[in-house]
Every structure is written in C-alpha cells, then in structure tokens.
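Novice: To start, I am sharing the structure in question, which I have written as structure tokens.
Number of protein chains: 2
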Amino acid sequence: MAVTDEMVCFSLYAASRATTQAYRALLEPWGLTYPQYLVLVTLWREGEQTVSSLGEHLQLDSGTLSPLLRRMEVSGLVRRERRATDERIVNVVIGSRGTELRAELEHIPAQIAAGTGLGTTEAAASLIRTLQQLTATMQAATEAAAGATGAPTGAAAGTAGAPTRDR
Amino acid sequence: MAVTDEMVCFSLYAASRATTQAYRALLEPWGLTYPQYLVLVTLWREGEQTVSSLGEHLQLDSGTLSPLLRRMEVSGLVRRERRATDERIVNVVIGSRGTELRAELEHIPAQIAAGTGLGTTEAAASLIRTLQQLTATMQAATEAAAGATGAPTGAAAGTAGAPTRDR
DNA sequence: GCGCATAGAATTGTGCACAACTGAATTGCG
DNA sequence: CGCAATTCAGTTGTGCACAATTCTATGCGC
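Top to bottom, those sequences are chains A and B.
Note that this note's numbering gives residue 79 to position 74 of the first sequence, counting from 1, and the numbers run on in steps of one.
Note that this note's numbering gives residue 62 to position 57 of the second sequence, counting from 1, and the numbers run on in steps of one.
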C-alpha cells in the first residue's frame, strides 16, 4: 500500500540520520565527519583513488567531494595530486594524519556493531540486500521519471533524450 | 560481524539519499523539498502543530525547522502564528497554497510505492519495523556514548570546533 | 513585585548533498 | 593538423542537518 511505502522512506530517512549521529559521536574526538570517515576507509581498503572513483564508491559527485577533500587535505588526512599523464585527473592519496588514524579508529566498527542491535550477521546481511535492492530500484525509478518529466510534447525529440550513460 | 554492520550504515545512507532523490524528482514541479513535503503531510494528517511537535514527528530541531518553515511561509504553504496565550509558542498552520497542493500531490505516494520495488505490504511493514528498531537502538547508543564520553584510548577531551590537532 | 530558572523558537556557523555551470585538458574525427 | 565533443574536477548557489548560542516569554519562589 502506498502510504506504507512512504513510511519506508521516512524510516530510512530517520534511520540514516540516527546512524550518522552515532558516527558523529564516535568520530567527534578526531573532528571527523561520517563522509570523511568513509573516504578514509575507502583509501585504507582500496588504496589510491581518483575523485571519480571515490565518487562511484560513495555515490557522491564532485560538488560534494571537492570541498570535502579540500578540508581533508588541510588537516593532513589526504593528499591530492594531479596525475602527470592526464592533468584532468586528481589522485587522492592517504595523508600522514590519515595513516595515523587507521590504528586509532580501529575500534569504530565494533562500536557501531554494538549499537545496531542487529543480533546476527545474517540479519545484517539480509538488511543490506534489501537496502541495496531498494537503492537500485529507486535510482532506476528516478531516472525513468527524469526522462518523462518536463511535459515534453511527445512529438519531435528525435534527439534521444537520454544522455547515454554507461556504467 | 563489525564490518557488516558498518555496511548496514552505508547502505542506509545510500538508500536514504536514493529515496530523497526520487522525491526530489517527483516534487520538483512544485518546488518542494522532501522535508517540506513531510511538513505538509504532517499538517494534512494531524492538523495544526507547534514547531516543537513538528520536530517530534519528524525528529528535527528548531535549527532545521525554523528556516524551513520561514521558506514555506514565504511561498504560502504554511502560516506561522504566535499563540496569544503564550507568546513563546508558534503554531504552524496549513496555508492556502498548502491546501491546494493536497489534491495535486495525491499521486505521490503511489508513485513512490511503485518505485520501492517492495512487492508486498508485508515486506514493507517488516522493513519499517527493522528500521525503527535500528533507529531506536542507535539513538540509545549515541546517548549512552555522549554520557560516557567513550573514547577508549583515554584521550577524548572534546575541543569541538578545533578539528584535528589534538596532540 | 522581583529575580532567577526554564521553555520555546530563532539565529549563527559548519559541513554535507546536489543541480547547474565553468574551465582546463584530452580525445576523436575529418 | 585543427577543432569540436567529451571528460574531469572544481565552483556557485540553495537547502537541509545539527551543535551551540541567543532572545523572549513564562513560571516559580520568595
């Protein structure tokens, strides 16, 4: 039923803010935000990244990442270096402070795990699957809607409205 | 396992942004944001609210609601009236434009429902229960951490506003 | 009545998100 | 080669979130 589905969205919205809040409390001693923490974790696990590849991992665009990475560079968490062979690309590398924090923040995942209240790994895995499927479906729906809005006359438009994005 | 629980948090974060995005696409013709839509729905369903009671419903504080309601008042979506018997309290009432939109936005829940990809009402209800429990647990954990000022390394010493440089 | 504590909303300041745009570098095609 | 199309990061502008603070009105004790 429609109203129930809207409640799903609100519950997501509330739960997301509650978890971000939990991270905020845990990360506050280091002056880190949750998105900054996500960048660090990505670099620790995957190594050097471009701004775009970070954006794919975290599903964020340069409008969000650029200022975020600038702040992280100022505090020595990361370094940004233009790639010599292609000056358009910026490589994001873990910084000295970022390396230090890897050990200091080791306890965070366990603290979060304790806070979720999800007893079994299976429950968590199941929730992840549901959420990922929801995310994918919603993104597809959004793109479909974007193509349909704007009240196009339906005629003309031989120019193939979709900007052909391959992922 | 700890890493899995962190993935739950990231999935929540991603799913929340994906659903907000879907609402953005649907609400864009009316220039509404998702939080603004939530305020309208609350007023339609519950009637006149104070800023505080709205905050309880949506789990938002006055720092978020005050500017949001000011913008909504400018566009005639709501009205704000200081209560005569207690000038501290501001009653938020649906505005003329807000009343009009009730009919115009009637289709939104169904469109969202179509986008969730959650087949049965039971699946949605189950997800809602899981998310609400997660929200409650995380909020409790956050409050507990705030009270204890956790920081297991013995460091801590907030110094909020002075990011990094805690040595 | 007076003073102080408290409640409720608004303000200030920071940091995401995100749409739209800019600007530089590179690629591709004639 | 020459140049238009594309790619990538950054910038601009708006609107949440949220901590911390401020401002006003009310309540309470004396």
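Built from N, CA and C at the ideal position, the CB exists for glycine as well.
This one's a predicted model, so the numbers in the text were calculated from it and none came from an experiment.
Suppose you measure from the CA of Thr69 of chain A to the CA of Val83 of chain A; what does that come to, to the nearest Å?
Specialist: Position 64 of the first sequence, counting from 1, holds the residue named residue 69 of chain A. Position 78 of the first sequence, counting from 1, holds the residue named residue 83 of chain A. Going by the C-alpha atoms only, they are around 16 Å apart.
Novice: Cβ closer than 9 Å: which chain B residues qualify as neighbours of Asp10 of chain A?
Specialist: To locate residue 10 of chain A, count along the first sequence from 1; it is residue 5. Within chain B, the residues near Asp10 of chain A are Pro114, Ala115, Ile117, Ala118, Ala119, Gly120, Thr121, Leu123, Thr126, Ala129.
Novice: Quick check on Glu86 of chain A: does DSSP put it in helix, strand or coil?
Specialist: Looking up residue 86 of chain A in the first sequence gives position 81. Strand.
Novice: So Tyr39 of chain A and Thr55 of chain A are supposed to be a Cβ contact under 8 Å. How far apart are they, rounded?
Specialist: Position 34 of the first sequence, counted from the first residue, corresponds to residue 39 of chain A. Position 50 of the first sequence, counted from the first residue, corresponds to residue 55 of chain A. Contact flag wrong, Cβ pair sits at about 22 Å.
Novice: Taking contact to mean 3 or more Cβ pairs, one atom from each stretch, closer than 8 Å, check whether the stretch 135 to 146 of chain A and the stretch 14 to 31 of chain B are in contact.
Specialist: Touching, yes.
Novice: Use the C-beta contact count for Arg93 of chain A: other C-beta atoms within 10 angstroms, 16 or more gives buried, fewer gives exposed.
Specialist: For the purposes of this step, residue 93 of chain A is taken as residue 88 along the first sequence, with counting starting at 1. When all chains shown are included, Arg93 of chain A counts as exposed.
Novice: What does Asp91 of chain B pair with, by DSSP beta-bridge criteria?
Specialist: Position 86 of the second sequence holds residue 91 of chain B. DSSP output for Asp91 of chain B lists B:Arg88 as bridge partner(s).
Novice: Indicate whether at least one CB of chain A lies closer than 8 Å to the CB of Met77 of chain B.
Specialist: As a first step, residue 77 of chain B is located in the second sequence; it is residue number 72 there, counting from the start. Not an interface residue.
Novice: What residues from chain A crowd round Ser57 of chain B, counting only those whose CB sits closer than 9 Å?
Specialist: Translated into the one-based positions of the second sequence, residue 57 of chain B becomes position 52. Going along chain A, no residue has its Cβ under 9 Å from Ser57 of chain B, so there is no contact; the nearest lies around 17 Å.
Novice: Let me check one thing: in DSSP terms, what residues is Leu54 of chain B bridge-paired to?
Specialist: Translated into the one-based positions of the second sequence, residue 54 of chain B becomes position 49. For clarity, residue 54 of chain B is Gln in the given sequence; the question names Leu instead. Per DSSP, B:Val97.
Novice: Does the contact criterion of 3 or more C-beta pairs under 8 Å hold for the stretch 72 to 87 of chain A versus the stretch 95 to 109 of chain A?
Specialist: Judged by Cβ distances under 8 Å, the stretch 72 to 87 of chain A makes contact with the stretch 95 to 109 of chain A, as three or more pairs qualify.
Novice: Rounded to whole angstroms, what is the Cα-Cα separation between Met12 of chain B and Asp91 of chain B?
Specialist: In the second sequence, residue 12 of chain B corresponds to position 7, counting from 1. In the second sequence, residue 91 of chain B corresponds to position 86, counting from 1. Straight-line Cα distance between these residues: approximately 47 Å.
Novice: Would you identify the three-state DSSP class for Leu37 of chain A, choosing helix, strand or coil?
Specialist: Locating residue 37 of chain A in the first sequence gives position 32, where the first residue counts as 1. Coil, per DSSP.
Novice: Which same chain residues, not among the five before or five after Glu86 of chain A, have their C-beta less than 6 Å away from its C-beta?
Specialist: Along the first sequence, read from residue 1 onward, the residue named residue 86 of chain A stands at position 81. For Glu86 of chain A, where only same-chain residues beyond five positions count, the Cβ hits under 6 Å are Asn96.
Novice: What does the alpha-carbon distance come out to for the pair Ser16 of chain B and Arg88 of chain B?
Specialist: By one-based count along the second sequence, residue 16 of chain B stands at place 11. By one-based count along the second sequence, residue 88 of chain B stands at place 83. Their Cα atoms are separated by approximately 42 Å.
Novice: Using alpha carbons as the reference points, say which of B:Ala129, B:Ile117, B:Glu53, B:Leu45 lies closest to Arg76 of chain B.
Specialist: Sequence index remark: in the second sequence, residue 76 of chain B carries index 71 (1-based). Here the closest residue by C-alpha is B:Leu45.
Novice: From which residue to which residue does the alpha helix (DSSP H) around Ser80 of chain A run?
Specialist: Position 75 of the first sequence, counting from 1, holds the residue named residue 80 of chain A. Ser80 of chain A -> no alpha helix (DSSP H), and no H or E assigned at all.
Novice: If Ala118 of chain A sits next to Ala146 of chain B, beta carbons under 8 Å apart, how far is it from one beta carbon to the other, in whole angstroms?
Specialist: Locating residue 118 of chain A in the first sequence gives position 113, where the first residue counts as 1. Locating residue 146 of chain B in the second sequence gives position 141, where the first residue counts as 1. Ala118 of chain A to Ala146 of chain B, Cβ: 10 Å. No contact.
Novice: Anyone know if the C-beta pair for Ile113 of chain A and Leu31 of chain A falls short of 8 Å?
Specialist: The residue you call residue 113 of chain A lines up with position 108 of the first sequence. The residue you call residue 31 of chain A lines up with position 26 of the first sequence. Taking 8 Å as the Cβ cut-off, Ile113 of chain A and Leu31 of chain A qualify as a contacting pair.
Novice: Rounded to a whole number of angstroms, what is the C-alpha to C-alpha distance between Cys14 of chain B and Ala27 of chain A?
Specialist: Residue mapping note: residue 14 of chain B aligns to position 9 of the second sequence, counting from 1. Residue mapping note: residue 27 of chain A aligns to position 22 of the first sequence, counting from 1. Cα to Cα, Cys14 of chain B sits roughly 10 Å from Ala27 of chain A.
Novice: Measuring straight from C-alpha to C-alpha, what distance separates Thr9 of chain A and Asp66 of chain B?
Specialist: Sequence index remark: in the first sequence, residue 9 of chain A carries index 4 (1-based). Sequence index remark: in the second sequence, residue 66 of chain B carries index 61 (1-based). The straight-line gap from Cα to Cα measures roughly 25 Å.
Novice: Along chain A, in chain order, which residues have C-beta atoms closer than 8 Å to that of Ala20 of chain B?
Specialist: Here residue 20 of chain B refers to the residue found at position 15 of the second sequence. Correct list: Leu17, Ser21, Leu136, Gln137, Leu139, Thr140, Met143.
Novice: Please list the partners that Leu82 of chain B has in chain A, where partner means a Cβ-to-Cβ separation under 7 Å.
Specialist: In the second sequence, the residue the question calls residue 82 of chain B occupies position 77. Correct list: empty, because the minimum Cβ distance to chain A is about 18 Å.
Novice: Determine the contact status of Leu123 of chain B and Ala115 of chain B, defining contact as a CB-CB distance below 8 Å.
Specialist: The residue labelled residue 123 of chain B in the question sits at position 118 within the second sequence. The residue labelled residue 115 of chain B in the question sits at position 110 within the second sequence. Against a cut-off of 8 Å, the Cβ pair of Ala115 of chain B and Leu123 of chain B comes out as no contact.
Novice: Does DSSP put Thr104 of chain A in a helix, a strand or coil?
Specialist: Here the question's residue 104 of chain A lines up with position 99 in the first sequence. Thr104 of chain A falls in the helix class under three-state DSSP.
Novice: Do the CB positions of Arg134 of chain B and Trp49 of chain B come within less than 8 Å of each other?
Specialist: In the second sequence, the residue the question calls residue 134 of chain B occupies position 129. In the second sequence, the residue the question calls residue 49 of chain B occupies position 44. No; because the gap between Cβ atoms is not below 8 Å, this pair is not in contact.
Novice: Does the beta-carbon distance from Leu63 of chain A to Leu43 of chain A come in below 8 Å?
Specialist: In the first sequence, the residue the question calls residue 63 of chain A occupies position 58. In the first sequence, the residue the question calls residue 43 of chain A occupies position 38. Going by C-beta atoms, Leu63 of chain A is nearer than 8 Å to Leu43 of chain A.
Novice: For the alpha helix (DSSP H) containing Leu31 of chain B, name the first residue and the last one.
Specialist: Residue mapping note: residue 31 of chain B aligns to position 26 of the second sequence, counting from 1. Note, Leu31 of chain B: alpha helix (DSSP H), 7 to 32.
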